[in-house]
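Quick note, this note's numbering runs 264 ahead of the 1-based positions in the sequence shown. We treat Cβ as the ideally placed atom computed from N, Cα and C, and that holds for glycine. Just so it is clear, the structure is predicted and the values come from calculations on it, not from any experiment.
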Amino acid sequence: MSGLPLYVIKVGSSTLLHPQVFAEIAAVRRRGARVLLVAGGAEGIERHYRSIGRAMPELTLRNGDTVRYCPPEEMPHIVAAYRRVTLPVVEAGLTAHGLGVFTAVAAQGGLVTGRVNRPLRVLADGRSKVVRDHRAGTAEEVDTERLGALLDAYDVVCLSPPVRDAEGGSELNVDADVLAATVANALGADHLRLVTGTAGILTDPADPGSTLHDAFPGTAGPYAGGRMKQKVRAAELGLRGTADVAVTGPHTMAEPGGWTRFWAAEEPAADLALLSRTVQIPSTSYDEHELVDYLVRWCREREIRAWRDEAGNLVAERGTGPRTLLLLGHLDTVPFTWPVRWESGADGEEGAENAVLHGRGSVDAKASMAVFLDVLAAAPVPEGWRLRVVGAVEEEVSSSKGAFHVRDHYPADAVVVGEPSGSGALTLGYFGLFKLRVTATVRSGHSAGFQARSAPDQLIESLEAIRAAVLKEADDALSAVIDIGCSADAGSQSATGILNFRVPPAADLQALRARALEAADEGVRIEFLRATPGFSGPRSTPLAKAFSRGFGRSGIRPRFLLKKGTSDMNTLATTWRNVPMVAYGPGDAALDHTEHEHIDAAEYRRARTVLREAVTGFFALSGAGADTVRTGEVA
């Protein structure tokens with residue numbers, strides 16, 4: 265299945281009458297996300313029944329609620345309502361935006377299978393009775409392989425109830441919101457949106473402005489009545505998966521509408537909320553949009569100027585002076601997410617101080633981002649200065665799109681890069697990145713031929729020769745083949761490998777390029793994907809000194825690091841000259857990109873304290889004289 269982010273969006277039949285929802289879905293698709301739409305059908309069913317002159321049977325539950333009665337003889341009419349009324353509306357609305365759409369009831373081909381509910385106890389003529397033939401059920405099994413293929417083939421896949429009965433009976437009518445949550449969990453969706461006719465969950469149904477903005481399991485139920493109960497049930501079911509979950513409206517996913525965000529993990533203390541919620545919004549590379557939106561709103565609620573820039577970065581700032589201290593973090597994470605959770609510390613002690621947050625990005629590098637924004641909101645910014653935070657996109661992939669945009673558009677006098685150094689350490693530099701694509705091509709021939717030499721043979725030999733030549737020039741470099749693949753056509757066979765080097769700051773990249781070209785065999789093509797120099801700064805800059813003082817005030821004896829990875833610091837250093845740069849952030853970098861990523865509250869709070877002291881100290885040092893800090897020059 266494709267690695268593109270996945271939205272599961274449930275839209276009720278009344279919302280399908282509002283064309284802007286189709287424009288919003290099209291915008292999600294244009295961002296590169298896959299979309300699975302679940303269409304509700306209450307109004308479509310009513311329209312269909314009116315058109316065929318058939319009365320819709322109903323049941324009255326013992327609590328007074330009225331539900332649609334679906335005995336076996338009604339199910340063909342329910343299916344017909346979706347196929348003839350609801351799904352054609354979806355297809356027409358989305359094709360009008362140029363999208364390729366696949367629509368089907370979920371029972372078709374067993375895309376979703378469920379089990380019938382227990383018999384219903386209802387009221388009839390004032391008396392209680394049991395109804396056993398009600399064809400209502402619960403979705404349980406999702407054909408993820410087939411749905412994945414459909415999502416890869418179409419711009420939007422739209423499902424609707426009913427689902428197939430696992431025991432072979434007639435189709436089962438299921439709640440569309442719960443169906444959406446079940447499908448989202450099965451597919452490992454990144455985002456689940458339940459679009460409704462109100463501004464999210466209202467704490468007072470008579471007040472359209474009473475949106476409950478944040479909900480945790482069990483907290484929204486008391487405000488939900490009627491069909492809204494099922495939305496809350498579906499939202500809480502969705503929290504068991506990997507998606508961030510929101511009930512949105514009225515009839516829109518966009519602001520200024522009403523959003524009730526559901527959070528699976530409740531923070532143990534208010535000052536950990538930003539960290540907790542930032543980690544709970546999935547943002548693998550190319551899917552940072554939702555996180556940027558959330559953080560822009562967070563900033564504006566605190567009267568911080570904030571926006572999304574042309575590259576998709578979050579930009580937030582206070583102060584209007586001509587000189588800038590830049591705090592540059594990144595928003596994206598590597599793939600594979602899992603449900604976020606807070607746990608007590610390793611010693612088993614309860615309390616916010618000992619709490620540990622588990623989740624993708626908790627170390628690399630959302631904790632750094634949250635620390636930056638907390639400090640931006642609280643630190644005093646002196647006259648003549650601007651404190652700017654940028655959350656860059658696509659740091660974890662080779663494009664580094666966000667950082668290159670920062671390099672070219674946001675000059676600064678000093679930079680703190682948000683990467684996990686640990687709260688008691690400061691990173692002064694990073695190795696550089698030298699990355700090559702090596703392709704070997706040979707004429708097609710039988711492998712049993714005399715002294716046959718395949719493309720993979722030639723590639724392996726060339727990779728080793730290139731590796732040896734580069735390491736001879738830069739013996740401190742680290743190297744790895746990080747990808748390999750083969751292809752063929754009628755006349756030739758090719759093999760391609762990606763050879764990755766981490767090179768020390770002093771390495772001469774032009775010399776490395778020349779050695780690689782000299783070592784390549786004839787018929788081998790080399791493409792230089794990245795040649796980013798290393799960077800290392802001294803401990804004597806005002807920025808490094810400010811951190812040293814911040815460590816001292818926090819009772820920390822710091823460590824100073826030169827890391828063999830690469831960060832956005834290197835990207836800035838390709839053209840910026842005489843700009844002091846360090847990297848700092850909470851967390852153990854050994855957990856980066858692993859399934860064990862976690863950060864404890866005490867570590868996060870220590871880093872926040874050190875950073876605030878460092879920022880305040882830097883401004884104080886910089887105010888001592890005009891030449892204390894040199895304004896950054898761009899080469």
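(request) Using only alpha-carbon positions, find the residue among Y558, T359, L539 and F668 that is nearest to T524. (result) Y558
(message) Looking at the secondary structure, which residues open and close the alpha helix (DSSP H) in which Q284 lies?
(response) Q284 to R294
(request) Could you tell me which residues DSSP puts in a beta bridge with W571? (result) V579
(request) State buried or exposed for K827, treating a residue as buried only when at least 16 other CB atoms are found within 10 Å of its CB. (result) buried
(message) With H, G and I counted as helix, E and B as strand and the rest as coil, what does DSSP make of N834?
(response) helix
(request) Note down the Cα distance separating L270 from L458, rounded to an integer number of angstroms. (result) 14 Å
(message) To the nearest angstrom, how far is the alpha carbon of E500 from that of A528?
(response) Taking the straight line from one Cα to the other gives about 8 Å.
(request) Would you check if the segment 677-694 and the segment 798-813 touch, i.e. whether three or more CB-CB distances between them fall below 8 Å? (result) yes
(request) Determine, using beta carbons only, whether Y674 and R652 come nearer to each other than 8 Å. (result) yes
(request) Name the one or two DSSP bridge partners that N764 has. (result) K699 and A744
(request) Give the range of the alpha helix (DSSP H) segment to which Y558 is assigned. (result) H553 to E565
(request) At 3 residues or longer, and completely inside the segment 788-832: list those beta strand (DSSP E) runs for me, N to C. (result) 788-796 and 823-827
(request) Can you have a look at S424 and say buried or exposed, based on whether 16 or more other CB atoms are within 10 angstroms of its CB? (result) buried
(message) Measuring alpha carbon to alpha carbon, tell me which residue in G432, V394, N437 and D419 is nearest A403.
(response) The candidate whose alpha carbon is nearest that of A403 is N437.
(message) Using 8 Å as the cut-off, can you tell me whether the segment 716-723 makes contact with the segment 766-782, which would need three or more C-beta pairs spanning the two stretches below that distance?
(response) no
(request) Determine, using beta carbons only, whether K901 and T460 come nearer to each other than 8 Å. (result) For residue 901 there is no data in the structure shown, the boundaries of the chain being 265 and 899.
(request) Could you have a look at A899 and say whether DSSP puts it in helix, strand or coil? (result) Confidence at A899 is low in this model, with a pLDDT of 37, below 50, so its placement is unreliable and the value that follows should be read with caution. In this structure, A899 counts as coil in the three-state DSSP scheme.
(message) What does the Cβ neighbour count give for F883, buried or exposed, with the cut at 16 atoms within 10 Å?
(response) buried
(message) From the DSSP secondary-structure annotation, give me the bridge partner or partners of C334.
(response) C334 is not bridged to any residue.
(message) On the CB-based measure, 16 or more other CB atoms within 10 Å of its CB, does A712 come out buried or exposed?
(response) The predicted position of A712 is uncertain, since its pLDDT is 49 and thus under 50; a value taken from the coordinates is nonetheless stated next. Exposed, because fewer than 16 other Cβ atoms sit within 10 Å of the Cβ of A712.
(request) Could you check the C-alpha separation between L456 and H669 for me, to the nearest Å? (result) 30 Å
(request) Would you tell me roughly how many angstroms separate the C-alpha atoms of Q715 and L697, rounded to the nearest one? (result) The pLDDT assigned to Q715 is 49, lower than 50, so where the model puts this residue is not dependable; a value taken from the coordinates is nonetheless given after this. Each residue's Cα considered, the two are about 37 Å apart.
(request) Mind checking which residues open and close the beta strand (DSSP E) that includes T691? (result) A689 to Y694
(message) Please identify the residue among P532, G490, I545 and R318 whose C-alpha is closest to the C-alpha of A507.
(response) I545
(request) Give the range of the beta strand (DSSP E) segment to which D441 is assigned. (result) No beta strand (DSSP E) contains D441, which is instead part of the alpha helix (DSSP H) from A440 to L451.
(message) For a test of the three-state rule: what should DSSP assign to H455, helix, strand or coil?
(response) The answer is strand: DSSP assigns H455 an E or B state.
(message) Rounding to the nearest angstrom, what Cα-Cα distance links S800 and R766 in this structure?
(response) 14 Å
(request) Report, in whole angstroms, the separation of the C-beta atoms of D740 and E659, which I expect to be a contact under 8 Å. (result) D740 to E659, Cβ: 24 Å. No contact.
(message) Quick check on DSSP: helix, strand or coil for L538?
(response) DSSP, reduced to helix, strand and coil, places L538 within a helical segment of the structure shown.
(message) Please give me, in chain order, every unbroken run of the alpha helix (DSSP H) with length at least 4 that falls completely inside the segment 641-695.
(response) 665-673
(request) Tell me, please, whether the segment 777-787 touches the segment 683-690 by the rule of three or more beta-carbon pairs shorter than 8 Å. (result) no
(message) Tell me whether the segment 461-471 and the segment 437-452 touch, counting them as touching only if at least three CB pairs, one residue from each stretch, are closer than 8 Å.
(response) no
(request) Return yes when the Cβ of F480 is within less than 8 Å of the Cβ of A360, no when it is not. (result) no
(request) Tell me whether L301 sits in a helix, a strand or coil according to DSSP, three-state version. (result) strand
(message) So, for A368: in the same chain, excluding its five sequence neighbours on each side, which residues have a beta-carbon less than 7 Å away from its beta-carbon?
(response) L375 and L423
(message) Extract the residue ranges of the beta strand (DSSP E) inside the segment 449-525, only unbroken runs of 3 or more that lie entirely within it.
(response) Listed in chain order, the complete beta strand (DSSP E) runs (minimum 3 residues) inside the segment 449-525 are 455-459 and 508-513.
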